[in-house]
Amino acid sequence: MSSMTPAIRVRQVAKHFGSVEALGGVSLEVQQGEFFGLLGPNGAGKTTLISALAGLVRVDSGSIEVMGCDVVADYRNARRQLGVVPQELVFDPFFSVRETLKIQCGYFGIRHSRAREDWIDEILANLDLTGKADANMRSLSGGMKRRVLVAQALVHRPPVIVLDEPTAGVDVELRQTLWQFIRRLNQEGHTVVLTTHYLEEAENLCTRIAMLKAGRVVALDSTANLLRRFSVHELRLKLAPGVGLPPDLASRARNKDGVWSLAFDAYTEIELLLATLRTHGCGLEDLEIGKPDLEDVFVRVMRGKDGLSPLIPGAGGNAGSVSPAGVAG
Amino acid sequence: MSGFPTLFYKEVLRFWKVGFQTVAAPVITALLYLLIFSHVLESRIQVYQNVSYTAFLVPGLVMMSLLQNSFANSSSSLIQSKVTGSIIFVLLPPISYRAFYLAYVLAALVRGLCVGAGVLLATLWFAPLQFAEPLWIVAFALLGGGILSSLGVIAGIWADKFDQLAAFQNFLIMPLTFLSGVFYSIHSLPPFWQQVSHWNPVFYMIDGFRHGFFGVSDVSPWHSLAIVTTCLVLLSLLTLEMLKRGYKLRA
């Protein structure tokens, strides 16, 4: 439990667009220095929540703070603390990459100085854009435009960085470069909030994850806990032709396309399972150990098989706690 | 006013980078109007004593170009950035709605003044001009440009697509500017249309502006000043209120 001001505090935030409920009383906290994942299917409310955080959407009720600054009452300070990489690939076609970054600095009141130029050069170098610094935005590829969006979000050195699906349509090499840079920023103390549909990325990068569904938080815990709680190790077996699984194992196994899956908690169980098979004379054609993954957790949570309460630590003042009202319904 | 100088600079740089389209082209258009109308009407019409029709036409064309381009700058910049989504770069930083308003209006006014000055310089070859009361010229150029720049901000925010902006421009701005006495004195109109002209605020901008050149006008410049100033104040308040509420900018 940290006594620091949370990087982001969202309290009972609700937002409707006409009759559509985009956010239905969302509450969550992101602590300073966290790499936080915000996951959910399309239309879950992720972008609405980020837009509300950035002041692009005005919420119907509730409050949002960035580094202790209310995004409405103290919007100037709140926006200075926040760098947002938007989901859409947007750019101003009139300017070069360097002009774009200088202009973005100016919007935040950062005047021309050696330090500003050095920081812009550093961002350009880290995002592999130095060679394109004087190129017009129109001439850049999609991946490069995406990197410029990241650079624009960083020019004012915000302590909190929000990336709304930053790797959509970005090639593998570029994705690696981007994550290396973002990871470094996180290690240097920046709080990072990420939304992505690439669950493998979220699993590798995020220390804590919130899952949204229909405008509500349906899961919020550390990545490790979510994986432990909702995904299991599996032993996948393909038996020799004409051989069946012993009845006591068959009762707890799933069969899909001739492959039996047996869940286990600890690796020590594998020896026991194999011994049972040997005792019953079950020959094996193939064997594979399946690790738990976030996709599994995501599918289970979105299908709502496991209920809500076990997925969200009880309200107790912990980082990321969600009050029961915040997840009702 | 954090962010204001940069937003203003960006808006000026935006139109300057496409100067042929945003400054040179309207100057050429105004010059063509002058050549055609003065060729046809020079010997047939004399509006004021000792003022040729071509000389009468020049201030009208200068002001019309100034007004139309002030409107075009703020409205096109906003609709473009809304349609492409790049408006987000202005909405994310801590720029206040007042700074936003001032930057867009002043940059649009700069473009209007550049075009107006361009038209004036280009047409000086065709008619000897007087500058009887230059303060009126400056006052009406600034106030008129400010009004149309504000209207441009309103139109740019209101329109969701280029088609709607074109409607605003073609069905409101163009008729108001063309039917404001640029090419004629309203005293030459039938009484009914004279009355209608008095409901057109652009008429007062042109008439007051022209007064600065020749020292004569259809109505008193003080009367025009009062109307134009009131319009600017009301439109500015409306625009500021729209921006404060985030109308069509912040959902």
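Chains as they are written, first to last, in our numbering: chain A, 75 to 403; chain B, 7 to 257.
Positions of the beta carbon are idealized from the N, C-alpha and C atoms, including for glycine.
Please report whether the beta-carbon of residue i lies at a distance below 8 Å from any beta-carbon of chain A.
{"i": "R345 (chain B)", "result": "Residue coverage of chain B in this structure runs from 7 to 257, which leaves residue 345 (chain B) outside it and unanswerable."}
{"i": "L249 (chain B)", "result": "no"}
{"i": "I85 (chain B)", "result": "no"}
{"i": "L98 (chain B)", "result": "yes"}
{"i": "I143 (chain B)", "result": "no"}
{"i": "G5 (chain B)", "result": "No answer is possible for residue 5 (chain B): the residues shown for chain B start at 7 and end at 257."}
{"i": "K167 (chain B)", "result": "no"}
{"i": "S49 (chain B)", "result": "no"}
{"i": "I163 (chain B)", "result": "no"}
{"i": "G91 (chain B)", "result": "yes"}
{"i": "F95 (chain B)", "result": "yes"}
{"i": "L13 (chain B)", "result": "yes"}
{"i": "A113 (chain B)", "result": "no"}
{"i": "R216 (chain B)", "result": "no"}
{"i": "V29 (chain B)", "result": "no"}
{"i": "S81 (chain B)", "result": "no"}
{"i": "R256 (chain B)", "result": "yes"}
{"i": "I101 (chain B)", "result": "yes"}
{"i": "R104 (chain B)", "result": "no"}
{"i": "L238 (chain B)", "result": "no"}
With 8 Å as the threshold, decide whether the Cβ of residue i is near any Cβ in chain B.
{"i": "P160 (chain A)", "result": "yes"}
{"i": "R249 (chain A)", "result": "no"}
{"i": "L201 (chain A)", "result": "no"}
{"i": "D166 (chain A)", "result": "yes"}
{"i": "A128 (chain A)", "result": "yes"}
{"i": "I177 (chain A)", "result": "yes"}
{"i": "Q226 (chain A)", "result": "yes"}
{"i": "V131 (chain A)", "result": "yes"}
{"i": "R154 (chain A)", "result": "yes"}
{"i": "R231 (chain A)", "result": "no"}
{"i": "G405 (chain A)", "result": "Look at the range of chain A in this structure, 75 to 403, and you will see that residue 405 (chain A) is not part of it."}
{"i": "Y341 (chain A)", "result": "no"}
{"i": "R150 (chain A)", "result": "yes"}
{"i": "G183 (chain A)", "result": "yes"}
Is residue i helix, strand or coil by DSSP?
{"i": "R83 (chain A)", "result": "strand"}
{"i": "R251 (chain B)", "result": "helix"}
{"i": "W142 (chain B)", "result": "helix"}
{"i": "H217 (chain B)", "result": "helix"}
{"i": "F165 (chain A)", "result": "coil"}
{"i": "L358 (chain A)", "result": "strand"}
{"i": "R328 (chain A)", "result": "strand"}
{"i": "S335 (chain A)", "result": "strand"}
{"i": "S395 (chain A)", "result": "Confidence in S395 (chain A) is poor, its pLDDT being 34 and thus under 50, which makes the residue's placement too unreliable to answer from."}
{"i": "K365 (chain A)", "result": "coil"}
{"i": "K167 (chain B)", "result": "coil"}
{"i": "E48 (chain B)", "result": "coil"}
{"i": "A257 (chain B)", "result": "coil"}
{"i": "D170 (chain A)", "result": "Going by the sequence as given, residue 170 (chain A) is Ser instead of Asp. Strand."}
{"i": "R188 (chain A)", "result": "helix"}
{"i": "N206 (chain B)", "result": "coil"}
{"i": "R352 (chain A)", "result": "helix"}
{"i": "L201 (chain A)", "result": "coil"}
{"i": "N56 (chain B)", "result": "coil"}
{"i": "I235 (chain A)", "result": "strand"}
{"i": "H307 (chain A)", "result": "strand"}
{"i": "L313 (chain A)", "result": "strand"}
Taking residue i and residue j to be in contact with their CB atoms under 8 Å, please state how far apart those CB atoms are, rounded to whole angstroms.
{"i": "F454 (chain A)", "j": "C280 (chain A)", "result": "Since the first residue of chain A shown is 75 and the last is 403, residue 454 (chain A) is not available in this structure."}
{"i": "A165 (chain B)", "j": "I85 (chain B)", "result": "5 Å"}
{"i": "F220 (chain B)", "j": "V57 (chain B)", "result": "6 Å"}
{"i": "T235 (chain B)", "j": "L149 (chain B)", "result": "6 Å"}
{"i": "G252 (chain B)", "j": "R132 (chain A)", "result": "6 Å"}
{"i": "L113 (chain A)", "j": "M285 (chain A)", "result": "5 Å"}
{"i": "P140 (chain B)", "j": "Y149 (chain A)", "result": "The pair is not a contact, with the Cβ atoms about 44 Å apart (cut-off 8 Å)."}
{"i": "K254 (chain B)", "j": "Y103 (chain B)", "result": "Not a contact, Cβ separation roughly 13 Å."}
{"i": "M141 (chain A)", "j": "T79 (chain A)", "result": "6 Å"}
| task | Pair every Cβ in the region 148-155 of chain A with every Cβ in the region 87-101 of chain A, then say whether three or more of these pairs are closer than 8 Å. | result | no
Please determine if the region 194-212 of chain B and the region 124-135 of chain B are in contact, where contact requires at least 3 C-beta pairs separated by less than 8 Å. no
Minimum length 4: unbroken alpha helix (DSSP H) runs contained in the region 237-299 of chain A
246-261 and 273-279
At least 3 beta-carbon pairs within less than 8 Å: the region 230-242 of chain A vs the region 252-271 of chain A = yes
>> Ignoring anything shorter than 4 residues, give me the alpha helix (DSSP H) runs that lie fully in the region 76-161 of chain A, in order along the chain.
In response: 120-127 and 149-154
Quiz prompt | At least three beta-carbon pairs within less than 8 Å, the region 169-181 of chain B to the region 70-90 of chain B | solution = yes
Review point. Between the region 302-317 of chain A and the region 349-368 of chain A, do at least 3 Cβ pairs fall closer than 8 Å?
Key: yes
- prompt: Below 8 Å, can you find three or more Cβ-Cβ pairs linking the region 221-231 of chain A to the region 173-185 of chain A?
  reply: yes
Is the region 113-123 of chain B close to the region 151-166 of chain B, with three or more CB pairs under 8 Å? yes
query: Is it true that the region 81-90 of chain A meets the region 115-133 of chain A, where meeting means three or more beta-carbon pairs spaced less than 8 Å apart?
result: yes
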